[in-house]
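Under this note's numbering, think of the first position of the sequence shown as 11, with each following residue one higher. Reading through the structure tokens given below for one structure.
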Amino acid sequence: MPDRFDLPAGFRWGAATAAYQIEGAVEEDGRGPSVWDVFAARPGAVRDGHTGAVACDHYHRYLEDIALMRGLGLDGYRFSVSWPRVVPTGAGTVNPAGLAFYDRLVDALLEAGITPLPTLFHWDLPQGLEDGGGWLDRDTAYRFAEYAAVVADRLGDRVPAWITLNEPFVHTVFGYALGTHAPGRTLMFEALPAAHHQLLAHSLAASLLHERGLEVMLSNNLTPVWPASDSAEDVAAAEAYDALHNRLFTDPVLVGRYPDLSALGVPDDLYGAVHPGDVDLIHSPGLDGLGLNYYNPTRVAAPVGPGLPFTLVDIPDAPRTAFGWPVVPDALRQLLHHLRDVYGAALPPITITENGCSVAEDTSPDQPRIEFLATHLDVLAEAVAEGIDVRGYYTWSLLDNYEWAEGYHQRFGLVHVDFETQVRTPKASYAWYRDLIESHQNDHLR
Ligand code: IFM
């Protein structure tokens, strides 16, 4: 496996996590309940009934985890702030102990020479807001902006760049359309107001962050969409899916319009959610960077019957991760070129804010993860050589953690976590990533 990639000086190496997936301590120091606490407690919602109540106990062990990051030589660490830890009911009263945790985390990161990159929302909505409609309620966008300002006022003197939302596509579709994630609603396309309100929340928060001189990114899980054949029906189905998965979340932010969703039978105003002026509002703050979470491409065919206007089909011959996801590194290069072709000058610099894979626990010495990372970094370096502006790479994930509806069954970490004892053990991929970062830094010292 290559252990050097021709990436520019200043390219940032990082690792990513999210609050509910690692922190635990869900009832400590005044944290309020989140939709994930409630969803995970529902019988049958999560594999084996796992919850994030303890997770990696990072809330108590963050210093040990920062020592692991320092051992890797990371430039940056992407984590998320738990909204219900900071504003327990989602609106109004701020919890000083919650803010103090992130204050300590940021100081300890800086002390270790690591730049903090916080995400303000990674799916753990305060249950208090969900009780009033959650992201289906326009008001949630305004509450998010208030919460963003509270966190930025506390940490903005030390944290230069921020991510507003993580993967609004996944949160909307799994959480509100299909019900496989919290809050477990099954509204199908009528979930789309939740997408619009998240984008509105992003823009309101982005303006407040910009007013404070801070940089703003939005991270989404984008996928190259491949029609299963050249037939007009498969191509049309692929276009409909691309509009839903990708363009719904990037077009309004980057070019100030929603894609045409008529092939999905969705009205232009997303079931009344889009008010006059909203799309300009979403576009106007601009983005200082696009956060790209890349895992795999999606192959799409014409529908087989009534219902959805597309069918998701298998990618034949692709190797699979332990999660069953196809491994297609070159699709990352295609996606980067596609974004540049579609958005041109409107495309801001890109940061890969997630990329990684789940590997079965008994796989030693973690070779599939090393191969996954190396092959993706290889095509990333090619794309950069071809002129795409990519500024950094944050692997998912630093630690094995709570993988949502899969509980603790999927292990994405560079560091193994024994969830009984909380013992952390760096894997072979940890050593590989550490050496890679070191050789990149040495190459650019010369
Ligand atoms: O664990 C998730 C993360 O929370 C969001 N992006 C994808 C990861 C792997 O499924």
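Even glycine gets a Cβ: it sits at the ideal position worked out from N, Cα and C. Just so we're clear, the structure is a prediction, and the values are computed from it rather than from any experiment.
(Q) Using the three-state DSSP reduction, which class does Ala192 fall into: helix, strand or coil? (A) If DSSP states are grouped into helix, strand and coil, Ala192 belongs with coil.
Q. Between the stretch 48-60 and the stretch 11-28, do at least 3 Cβ pairs fall closer than 8 Å?
A. no
Q: Would you identify the three-state DSSP class for Ala26, choosing helix, strand or coil?
A: strand
Q | Coarse secondary structure for Arg444, derived from DSSP in three states | A | helix
Q: Measure the beta-carbon distance from Val289 to Pro262 and round it to whole angstroms, keeping in mind my assumption that it falls under 8 Å.
A: 5 Å
Q) Is it the case that the CB of Trp406 approaches a heavy atom of the ligand IFM more closely than 8 Å? A) yes
Q | Run of the alpha helix (DSSP H) containing Phe382, from where it starts to where it stops | A | 377-395
**Q.** Straight-line gap, Glu448 to Thr405 (C-alpha atoms, nearest Å)
**A.** 16 Å
Q: On the DSSP bridge assignment, give the partners of Arg309 in chain order.
A: Partner(s): Trp236, Val323.
Q. Closest to Ala246 by CA distance: which of Ser229, Ser272, Leu224, Glu33 is it?
A. Ser272
Q: Let me know the beta strand (DSSP E) ranges lying completely inside the stretch 26-50, each 3 residues or longer, listed in chain order.
A: Listed in chain order, nothing qualifies, since the stretch 26-50 has no complete beta strand (DSSP E) run of 3 or more residues.
Q: Evaluate Val314 with the Cβ neighbour count: other Cβ atoms within 10 Å of its Cβ, from every protein chain shown; 16 or more gives buried, anything less gives exposed.
A: exposed
Q. By how many angstroms is the C-alpha of Gln432 removed from the C-alpha of Trp133?
A. Roughly 24 Å between the two C-alpha positions.
Q. Are the beta-carbon atoms of Gln420 and Ala311 separated by less than 9 Å?
A. The answer is no: Cβ separation not under 9 Å.
Q) Which residue or residues does DSSP assign as beta-bridge partners of Trp172? A) Val226
**Q.** Pairwise C-alpha distance: Val389 and Ala63
**A.** 38 Å
Q. Roughly how many whole angstroms lie between the Cα atoms of Thr190 and Gly402?
A. 31 Å
(Q) I'd like to know if the stretch 45-54 and the stretch 121-140 are in contact, where contact means that at least 3 CB-CB pairs between them fall below 8 Å. (A) yes
Q. Can you tell me the Cα-Cα spacing of His426 and Pro436, whole angstroms?
A. 6 Å
Q. Near Glu392, which residues of its chain fall below 8 Å by C-beta distance, leaving aside the five closest residues on each side in sequence?
A. Arg343
Q: Indicate whether at least one CB of chain D lies closer than 9 Å to the CB of Ala55.
A: Here chain D cannot be found, since the structure has a single protein chain.
Q | Of the residues Leu346, Leu446, Gly354, Gly423, the one placed nearest Val400, counting alpha carbons only | A | Leu346
**Q.** Nearest-angstrom Cβ-Cβ length linking Leu254 and Tyr268, presumed shorter than 8 Å
**A.** Not quite, the Cβ-Cβ distance comes to about 11 Å (not below 8 Å), so this is no contact.
Q.
In the DSSP assignment, the alpha helix (DSSP H) including Cys96 goes from what residue to what residue?
A. For the record, residue 96 in the displayed sequence is Val; it is not Cys. 93-96 is the span of the alpha helix (DSSP H), which, as asked, contains Val96.
Q. Quick one: does the C-beta of Asn231 sit closer than 8 Å to a heavy atom of the ligand IFM?
A. yes
Q. Per DSSP, Glu364 is paired with what?
A. Asn303
Q: With a cut-off of 8 Å on the beta carbons, I'd call Pro128 and Trp93 a contact; round off their distance for me.
A: No, Pro128 and Trp93 are not in contact; Cβ-Cβ is about 12 Å, not under 8 Å.
Q.
The beta strand (DSSP E) that contains Arg401, what's its start and end?
A. 400-406
Q.
I need the straight-line Cα distance from Ala65 to Pro286, nearest angstrom please.
A. 43 Å
Q: Using 8 Å as the cut-off, classify the Cβ of Phe89 as near or not near the heavy atoms of the ligand IFM, replying yes or no.
A: no
Q: Please report how far the alpha carbon of Ile398 lies from the alpha carbon of Ala355, in whole angstroms.
A: 11 Å
**Q.** Inter-residue Cα distance where the pair is Leu73 and Gly423
**A.** Approximately 17 Å, taken between the alpha carbons.
Q | Beta-carbon gap between Met79 and Ile124 smaller than 9 Å | A | yes
Q. Is there at least one non-hydrogen atom of the ligand IFM closer than 8 Å to the beta-carbon of Ala171?
A. no
Q) Relative to the alpha-carbon of Thr103, which residue among Ala50, Tyr157, Leu165 has its alpha-carbon at the smallest distance? A) Tyr157
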